[in-house]
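Below is one structure, written out as structure tokens; the observations come after it.
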Amino acid sequence: MNRVYVCSCFGVTEQQVKKHAADGARTPRQIASACKAGTDCGSCVRRIQAILGRGACPRREPADQGRPVFSDFDELGELDEAA
Ligand code: FES
2 MNRVYVCSCF GVTEQQVKKH AADGARTPRQ IASACKAGTD CGSCVRRIQA
52 ILGRGACPRR EPADQGRPVF SDFDELGELD EAA
């Protein structure tokens, strides 16, 4: 069996990511919830994103339309509060 590892921090394979996607995961965050991939060093997140496909990125649509990509996210408000 040929195993292609996507996330070396947690030993998650491409096949596992594809299975989680088939089970309903649509974003890297949902993949992380399913198997922790992407939650340590983060170097695999782009690869996970590529496996999920272009449509899976929640920030892609505003970027394609030339709008700010962070304007819809509440985390920025939390960052302001922390500063
Ligand atoms: S390689 Fe996936 S979190 Fe480090």
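So in my numbering, spot 4 of the sequence shown is number 5, and the numbers just go up one at a time. We put the beta carbon where it would ideally sit given N, CA and C, even for glycine. Here the structure is a predicted model, which means the values were calculated and not measured.
- So Ile32 packs on Ala38, CB below 8 Å; how close in whole Å? Indexing the sequence shown from 1 puts residue 32 at position 31. Indexing the sequence shown from 1 puts residue 38 at position 37. Sure, about 6 Å apart at Cβ, within 8 Å.
- Return yes when the C-beta of Ala38 is under 7 Å from any heavy atom of the ligand FES, and no when it is not. Within the sequence shown, the letter at position 37 stands for residue 38. Set against 7 Å, the gap from the CB of Ala38 to the closest heavy atom of the ligand FES is smaller.
- Query: For the ligand FES, is there a heavy atom less than 7 Å away from the beta-carbon of Gly12?
  - Reply: If you number the sequence shown from 1, residue 12 lands on position 11. No, the Cβ of Gly12 stays beyond 7 Å of every heavy atom of the ligand FES.
- Message: Can you look up Cys45 in the DSSP assignment and give me helix, strand or coil?
- Response: For this step, residue 45 is matched to residue 44 along the sequence shown. DSSP places Cys45 outside both helix and strand once states are collapsed to three, so it counts as coil.
- Since Thr14 sits in a beta bridge, which residues does DSSP pair it with? Taking the first residue of the sequence shown as position 1, residue 14 is located at position 13. For Thr14, which the question treats as bridged, DSSP gives the partners Tyr6.
- With DSSP as the reference, label Ala51 as helix, strand or coil. Indexing the sequence shown from 1 puts residue 51 at position 50. It is helical.
- Indicate the three-state DSSP secondary structure (helix, strand or coil) for Lys19 in the structure shown. Here residue 19 refers to the residue found at position 18 when the sequence shown is read from its first residue. Reduced to three states, the DSSP call for Lys19 is helix.
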